[in-house]
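These notes concern the structure reproduced below.
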Amino acid sequence: MADTAIPPDTAPHELGTAARRRPGRPPAPERPRRRPRSRATAGTGRLAALLVSPTLLVLTIVVLYPTLMALDESLYGPKGLDPKTGFISNTEPFVGLKNYTDIFTQAGDRFWNAFWNTTFFTVVTVSLETVIGVAMALIMHRAFRGRAVVRASILVPWAIPTAISGLLWKWIFNADGIANVLLGHQVLWTADGFSAKIAVVIADVWKTAPFIGLLVLAGLQVIPKEVYEAARLDGASALQQFWRITLPLVKPALLVAVLFRCLDALRMFDLPYILIGAQKGSVETLSMLAQNEASNVRFGPASAYAVLLFLYVFLIALAFVRLLGADLIGGAAGTKKRRSHAVRMPRRRVREVTA
Amino acid sequence: MKTNTSRTIQCSAALAAAGLLLTACGSSGGSGSGGSAQAAATSFKGRGPITYVAGKDTTGTVQTIIDRWNKAHPKEKVTFIQLPTDADSQRQQMIQNAETKSDAYTVLATDVVWTSEFAAHQWIEPLPANQFPLGKMLQPVVETGKYRGRLYAVPASSNGGLLFYRTDLLKKAGISRPPTTWAQMTADCTKVKKLPEAKSMSCYAGQFQKYEGLTVNFAEAVNSAGGRITDANGKPDVDTPQAKKGLDFLVDSFKDGTIPKEAITYQEEDGRQAFQAGKLVFLNNWPYVYSLAQKSAVKGKFAVAPLPGLNGPGASSLGGSNLALSSFAKNKATALDFMKFFTGEESATYFLKNASLAPPYADLYDNASLDKQYPYLPDLKQSITKAVPRPRVVQYGDVTAAIQNEVYAALTGKKSSAQALKDLQGDLQKLTAQ
Amino acid sequence: MTLTAKWRQWLPYLGIAVVVAYCLAPFYWMLVSSLRRTGDIFSTSLFPSPVSFENYRSVFSPAQGFTRALLNSLIVAGITTAMSLLLATFTAYAMARLEFRFKRLILTLIIATSMFPVVSIVVPLLKLFTDIGWINTYQSMIVPSMSFTLPLAVWNLTTFFRQMPDELEHAAMVDGCTRGQAFRKVIVPLAAPGIFTTAIITFIAAWNEFLIALSMTNKPDMQTATVAISKFSGATTYQTPFGSQMAAGVVVTIPLVVMVLLFQRRIVAGLTAGAAK
C-alpha cells in the first residue's frame, strides 16, 4: 500500500457523492482500487459543467466571436480601386481561399522566411529561457535569506512592459550604445542581419526567463522537504536529487510555463517590431506579417495570416497536450511510475500529520 | 481647373461621375455624408461639439489654440483626443475609427503622405478649396493635401530637410561657403579631414535605417539629381539615369566612407547624436536639430544650408501635417470653421513661435523678428519651396516599403544600384496598377 | 574538504548575485538613463552626472495625466486578475479534481483561445464594443484582457491543484467539511505559492497590455499607463523622449516590485498555515 502513491486523477471517484461525509470513516489509510474513468457520475459532470462554464463563456465572447469573424474575413480580398473615380470600393470581393493560396505562391518567400524566423525565435528563446529560468528557480529556492528581495528583483525584467523594454534594448544596442561600449567593438545590432536576430533573442530571453523561473520556483516550493531528506538518507547526490526528484516533481509546472512561453514566442511581435523595426527580413515574424497586411488595409490577407499562425500555434499546443497530457492533466499512464516513486515518501508523511 | 476649381463645376462633375458609377457614390458609408462627392457647403451640416485628433503635444500649444476657439464658441467646443506619438499608431487608430464608422473623431491631423490613401477610401471629406487661403501658402505644401486634383486636407504645418554643417571646421579648412553640390561637399570634407581635430570624423549622414526616413533620404537624393520616383500622374519612373545618379551618390558614399557605415542604423536621433558628439561634418536632418544642438558640445559651431544636389542645390522631401475631416463625423459645419481657424495664419504664427512648427505660409518666413528667433527660417523656406512631395499614391504603405527594401539592399551592397532601381520600378508598377 | 564545504555555503549566494545582476543590469541602465538630463541622454557613463529628476517631473507633470493612468492600470489589471483568478479557480478545481467527459478537449479549447494574435481580434472587438456602447469603459479593457489571462490562470492553477495531496482534502471532508470548505480551507492555503505566482503573472500580463487599451479608449482620463507612455513626446516631432519613457518604465515597474515584496509574507504565512492544519 505504501508503494502505491495515489495517482491524483483517481481521487475524484472516491469523492463521489456516496463517499461524502461518512463520519467515522478512518482517514485515508486504505487505498480504494482504481476505477475506470467512465464511471464519472452525473453529479460530478454537473458540478464540473457549473465550474467550467463561466470561463468558457468569457472566452467565447472575447475570443471565439472575433476569431470566427477573422476566419470569415480571411475569405475576402482587398477592396479594389476604381480607376475612374479614384475611390476604393466599399465592399470587399469574396475570393474564397485565394488569400491562402497567395500566401504560399505569390508571397511564398516572405511567408516561409517569417515562418522560419518565428520557429527559430521560439526554439532558441524558449530553450534558453528554460535553462536559465530553472537555474534561477533553483538558486532562489536554495537561498533562504533575502529570498523576497531576490524574487522581487527577478520579476523586474518581466514586469517592464514590452514596449518599454524594446525601447530600452534599442538604446542599449544603438550603434554608439552601451552594449558596443562594453564590447569595445562596434556591432550594428539594429541593421538587418544575423546580429539583429541575436539582439532579439537576448532581449527576449532577458525579459521572459523570469516567467519560467517564477513558475518553477512555485512548483519547487510545494515539494515537501521530506522528499529530499529521504533521498539524502538513501545517499543520492545533488545531481541525482535534481534529476530524480526535483525535475519530475516540477515537471507539470515547468511544462505549463514552457507551453505558454512557446505560444507567446510563436506570436512574437512587439519586441522585434520596436527593437529592430518593420520589414526587416532577418527578424520578421508571422505576427508582423499579419500586422503589416492589416496596416495596409488588407484585412482579408491579414486574417489569413492570422489563421495560419493560429493553426501553427494550435498544432504545437495540441502536440504538447497529447505528448505530455499525463503530466499536464493526468489521466493516461506513462510518467506515473517515476512520479509515484518520488512522491511516495511525502505522501506518507503528510498522511501521518493529518491523521 | 487645377487648384481653385469653382464649386459648381466641381460638384456637377462629381455628380456626373456618381451617376455613371453608382457603386462608387451610392453607398458611401451610409453615414449621412451622402455621397461625399457633393463637396462644398451642402454636406457641411450641423453645429455642435467636435473633436480634434492628433499625436500628443507636449508643448501645450495645441491646447492653447483649442482653448481660444472654445472661448469664442462655447456651444461648439472642441475636445483634443491625443494619440500616441509615433505616426504608425496614429494612422492605425484613425483607420480603426474609419473602419468602425465611428463618429468619435472629427478633425484629423494627418501626415502629408496619408492624403491619397485616406481620400481614396473616402475616410475623409473633400474640402472647399476656395474657403482656405491656399494662395498664400507654399505651393509644394498645398500639393500634399490634394488627391486627384481635389483638396482633401489643409496644410497646418510643414517641414523640410536642411544641411547642418560645422562652420568652425570649414572656416579652419579655408572654406567660406557651405557646399551646394555633392562633389563640393565631399571635396570640403577632404579638406576638413586634414585638420588634426577632424581626423576621426566622418563626412556626412542622413537617415538610412530601414524605415520611413530612408524613403525620405532616397527621394531627396533622386530629386536632387534631377530624377523622380513617380511622374505627375503618379506613374512610377524611377529606372532612369538621373535616379541612378542619386542612388549612386548614397551607395558610393557608403562604400568610400563618406557616410560612416554605422549610418545604416541611423534614424533622426542617431544622426543628431553623432553630429552633437562631433563625429560628423555634415548632417541632413529636420530643423528640430537646431535648437537642441545649440545646447550641446557643438553650440555656436554650426549653421544650416539648403541640401546640396548633383549640379546645384538639391530638393528636400516634405514633412509636416495637414488637417482632414472624417467622413463619419457629426457637426461638419463646426468642423470646417475650426479647420479654418486652426490652419489660419494667426495660429500658424503662434505654432511657429511657441512650438517651432514650420508654417505653411510663405510670408512668415520673411518676418525679421521670427528670423531672429529661428535663424534657419530663410534656408528652410528655400528648402520647402524647392521640395518635392514623396510619392502621392493610394498604396503608400506598400510603396514606401518597396522603396525601403530595394534602397536598403543597394546601400548594404546586396544589389547593384541599377538592379535595385530596375526591381523598384517593377514593384512600383505592380503596386500602382491596382 | 572544509574548502569545498565553504564553497557549498557560499555558492548559493554567488548564484544569487549572478541572477540578480543578470536581471537588474539592463534595469539599472534604464534607471541611469532616466536620471540624466535631456541633453545628456546620449551619454554612456555608468553613473548619471549630474543626477537630474527632470524626466520624473515631466512624467508626473499634470499635462501627461500619468497619475490617473497609473490608477486606471491598477483598476484594470487588478479587476482582471481578481476575476481571472476567481473563474480560473473554479475551472482549475474541476480540471484537477473532478472526472468528466471532454476534459482534455476543454483544456485544449481554453488554451487555443489564447492563441489568436491580438492584432487580428482588435477590429472585430472594437466593432462589437462600439455597438454595445462600451468604448471608454473599464470593462472594454478588462474583458478582452481576460482572453489571455484566463487560460494562463486556468492552466497554472490546474497543475498546482493537482500537486496537492488529495488525502488532506479527504481528511477534511471526513472531518465534516463540505467539498467547498475542504477546498477553501485545505487546498487553497497549501497551493498559496502557486496561486500567488499565478496572480503576479496574471497581473503583470494585464498591466502590460497595450493594443486593446489603446483602441478601446479615446479619453485621456481612461487611458492606462502603457497607453500614456506611448503618448510621451519630445518637445518636437522627431525628438525621442527617451529619458521620460525610461522614467515611466521605472515608475510602472516599482509598484509591481513593491506588491511582490508586500505579499511575500502572505505566501510564507499561507504555507505554514497549511502545514499546521
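Protein chains in written order, with this note's numbering: chain A, 1 to 355; chain B, 356 to 789; chain C, 790 to 1066.
Glycine included, C-beta positions come from ideal geometry on N, C-alpha and C.
Open item on the list: In this structure, how does DSSP classify residue 1033 of chain C when only helix, strand and coil are distinguished?
Closed with: The count along the third sequence starts at 1 and reaches residue 1033 of chain C at position 244. Residue 1033 of chain C falls in the helix class under three-state DSSP.
- [ ] Please list the partners that residue 176 of chain A has in chain B, where partner means a Cβ-to-Cβ separation under 9 angstroms.
- [x] Here the question's residue 176 of chain A lines up with position 176 in the first sequence. The contacting residues are 617, 625, 628, 629, 632 and 634.
TODO: Using the Cα positions of residue 563 of chain B and residue 280 of chain A, report the straight-line distance between them to the nearest angstrom.
DONE: Residue mapping note: residue 563 of chain B aligns to position 208 of the second sequence, counting from 1. Residue mapping note: residue 280 of chain A aligns to position 280 of the first sequence, counting from 1. Taking the straight line from one Cα to the other gives about 13 angstroms.
Task: Under the three-state DSSP convention, the category residue 868 of chain C falls into - done: Numbered from its first residue, the third sequence carries residue 868 of chain C at position 79. Correct three-state label for residue 868 of chain C: helix.
Open item on the list: Quick check: is the beta carbon of residue 439 of chain B nearer than 9 angstroms to any beta carbon in chain C?
Closed with: Translated into the one-based positions of the second sequence, residue 439 of chain B becomes position 84. It does: the Cβ of residue 439 of chain B has a partner Cβ on chain C nearer than 9 angstroms.
Task: Touch test, the stretch 763-782 of chain B against the stretch 518-536 of chain B, Cβ-Cβ under 8 angstroms, three pairs minimum - done: no
Task: Of the listed residues B:488, B:748, B:655 and B:641, nearest to residue 633 of chain B (C-alpha basis) - done: Stepping through the second sequence from its first residue, residue 633 of chain B is reached at position 278. Restricting attention to B:488, B:748, B:655 and B:641, the CA atom closest to the CA of residue 633 of chain B is found in B:655.
Task: Paired residues, beta bridge with residue 501 of chain B - DSSP - done: The residue labelled residue 501 of chain B in the question sits at position 146 within the second sequence. DSSP links residue 501 of chain B through a beta bridge to B:506.
Open item on the list: Tell me which residues of the stretch 930-955 of chain C have at least one Cβ-Cβ distance to chain A shorter than 8 angstroms, keeping chain order.
Closed with: In summary, the residues of the stretch 930-955 of chain C whose CB is separated from some CB of chain A by less than 8 angstroms are 932, 933, 935, 936, 939, 940, 941, 943, 944, 945, 947, 948, 949, 951, 952, 953, 954 and 955, in the order they occur in the chain.
Open item on the list: Does residue 300 of chain B pass the burial test, meaning 16 or more other C-beta atoms within 10 Å, or should it be called exposed?
Closed with: Outside the displayed range of chain B (356 to 789) lies residue 300 of chain B, so it cannot be described from this structure.
Task: Segment limits, beta strand (DSSP E) that includes residue 521 of chain B - done: For the purposes of this step, residue 521 of chain B is taken as residue 166 along the second sequence, with counting starting at 1. Note, residue 521 of chain B: beta strand (DSSP E), 517-521.
- [ ] With DSSP collapsed to three states, give me the class of residue 544 of chain B.
- [x] Working through the second sequence from its first residue, we reach residue 544 of chain B at position 189. DSSP places residue 544 of chain B in helix when its eight states are reduced to three.
Task: Cβ-based neighbour list, residue 100 of chain A, same chain, cut-off 7 angstroms, excluding 5 preceding and 5 following - done: As a working note, residue 100 of chain A is residue 100 in the first sequence. Taken in chain order, the residues that qualify are 304.
Open item on the list: What would DSSP say about residue 953 of chain C, mapped onto helix, strand or coil?
Closed with: Position 164 of the third sequence, counting from 1, holds the residue named residue 953 of chain C. Correct three-state label for residue 953 of chain C: coil.
Open item on the list: Could you tell me which whole alpha helix (DSSP H) segments of length 4 or greater appear in the stretch 692-753 of chain B?
Closed with: The qualifying runs are 700-710, 723-728 and 732-740.
- [ ] Quick one: give me the first and last residue of the alpha helix (DSSP H) that residue 1001 of chain C is part of.
- [x] By 1-based counting over the third sequence, the position of residue 1001 of chain C is 212. Run containing residue 1001 of chain C: 1000-1005, per the alpha helix (DSSP H) assignment.
Open item on the list: By the three-class DSSP mapping on this structure, what secondary structure does residue 437 of chain B have?
Closed with: Numbered from its first residue, the second sequence carries residue 437 of chain B at position 82. Residue 437 of chain B: strand per DSSP, three-state reduction.
Task: Interface flag, residue 760 of chain B vs chain A, CB-CB below 9 angstroms - done: The residue labelled residue 760 of chain B in the question sits at position 405 within the second sequence. By this cut-off, residue 760 of chain B is an interface position.
Open item on the list: Give me, in chain order, the residues of the same chain whose beta-carbon lies closer than 6 angstroms to that of residue 949 of chain C; leave out the 5 immediate sequence neighbours on both sides.
Closed with: Counted from its first residue, the third sequence places residue 949 of chain C at position 160. Closer than 6 angstroms at the Cβ level, and outside the excluded window around residue 949 of chain C, lie 980 and 983.
Task: Paired residues, beta bridge with residue 94 of chain A - DSSP - done: For the purposes of this step, residue 94 of chain A is identified with residue 94 of the first sequence, where counting begins at 1. A:76, per the DSSP bridge assignment.
Task: Buried versus exposed call for residue 545 of chain B [16 or more other C-beta atoms within 10 Å across all chains shown] - done: Your numbering for residue 545 of chain B matches position 190 in the second sequence. By the neighbour-count rule (16 or more Cβ atoms within 10 Å), residue 545 of chain B is not buried but exposed.
Task: is_contact[residue 687 of chain B, chain C] using C-beta, thresh 9 angstroms - done: Reading the second sequence from its first residue, position 332 is the one you call residue 687 of chain B. Residue 687 of chain B does not count as touching chain C.
Task: Continuous beta strand (DSSP E) stretch holding residue 558 of chain B: start and end - done: Looking up residue 558 of chain B in the second sequence gives position 203. Segment 557-560, the beta strand (DSSP E) holding residue 558 of chain B.
Task: Where residue 133 of chain A falls, given that 16 or more other Cβ within 10 Å makes a residue buried - done: For this step, residue 133 of chain A is matched to residue 133 along the first sequence. With 16 or more other Cβ atoms from the protein chains shown falling within 10 Å of its own Cβ, residue 133 of chain A counts as buried.
TODO: Write down every uninterrupted run of the alpha helix (DSSP H) in the stretch 847-926 of chain C whose length is 4 residues or greater and which is fully enclosed by it, in chain order.
DONE: 855-886, 892-902 and 907-920
- [ ] Kindly identify the DSSP beta-bridge partner or partners of residue 408 of chain B.
- [x] Numbered from its first residue, the second sequence carries residue 408 of chain B at position 53. According to DSSP, residue 408 of chain B bridges with B:436 and B:463.
- [ ] Name, please, each residue of chain C whose Cβ falls closer than 7 angstroms to the Cβ of residue 298 of chain A.
- [x] One-based indexing of the first sequence puts residue 298 of chain A at position 298. Going along chain C, no residue has its Cβ under 7 angstroms from residue 298 of chain A, so there is no contact; the nearest lies around 12 angstroms.
- [ ] Return the bridge partner residues of residue 88 of chain A from the DSSP annotation.
- [x] The residue you call residue 88 of chain A lines up with position 88 of the first sequence. Answer is A:81, bridged to residue 88 of chain A.
- [ ] List the residues of chain B that residue 195 of chain A touches, going by C-beta distances under 9 angstroms, in chain order.
- [x] Your numbering for residue 195 of chain A matches position 195 in the first sequence. Per Cβ cutoff of 9 angstroms: no residues; residue 195 of chain A is ~10 angstroms from chain B at best.
Open item on the list: Need the endpoints of the alpha helix (DSSP H) that residue 659 of chain B sits in, please.
Closed with: As a first step, residue 659 of chain B must be located in the second sequence, where it is residue number 304. Not the alpha helix (DSSP H): residue 659 of chain B falls in the beta strand (DSSP E), residues 657-660.
Open item on the list: Give me the chain A residues within the contact set of residue 523 of chain B, using Cβ-Cβ distance strictly less than 8 angstroms, ordered along the chain.
Closed with: The sequence position of residue 523 of chain B within the second sequence is 168, counting from 1. Under the 8 angstroms cutoff, chain A gives no residues; its nearest Cβ is about 22 angstroms from residue 523 of chain B.
Task: Whole-angstrom distance between residue 1013 of chain C and residue 946 of chain C, CA atom to CA atom - done: What you label residue 946 of chain C is simply residue 157 of the third sequence in a count that begins at 1. What you label residue 1013 of chain C is simply residue 224 of the third sequence in a count that begins at 1. If you take the alpha carbons of residue 946 of chain C and residue 1013 of chain C, they lie about 28 angstroms apart.
- [ ] Measuring alpha carbon to alpha carbon, tell me which of B:690, B:773, B:751 and B:716 ends up nearest residue 514 of chain B.
- [x] Indexing the second sequence from 1 puts residue 514 of chain B at position 159. Answer by Cα proximity: B:716.
TODO: Please report how far the alpha carbon of residue 502 of chain B lies from the alpha carbon of residue 458 of chain B, in whole angstroms.
DONE: Taking the first residue of the second sequence as 1, we reach residue 502 of chain B at position 147. Taking the first residue of the second sequence as 1, we reach residue 458 of chain B at position 103. If you take the alpha carbons of residue 502 of chain B and residue 458 of chain B, they lie about 23 angstroms apart.
Open item on the list: Whole angstroms are fine: how far does the CA of residue 316 of chain A sit from the CA of residue 115 of chain A?
Closed with: Working through the first sequence from its first residue, we reach residue 115 of chain A at position 115. Working through the first sequence from its first residue, we reach residue 316 of chain A at position 316. Going from the Cα of residue 115 of chain A to the Cα of residue 316 of chain A covers about 14 angstroms.
Task: Contact list for the stretch 899-920 of chain C against chain B, Cβ threshold 7 angstroms - done: 912, 915, 916 and 919
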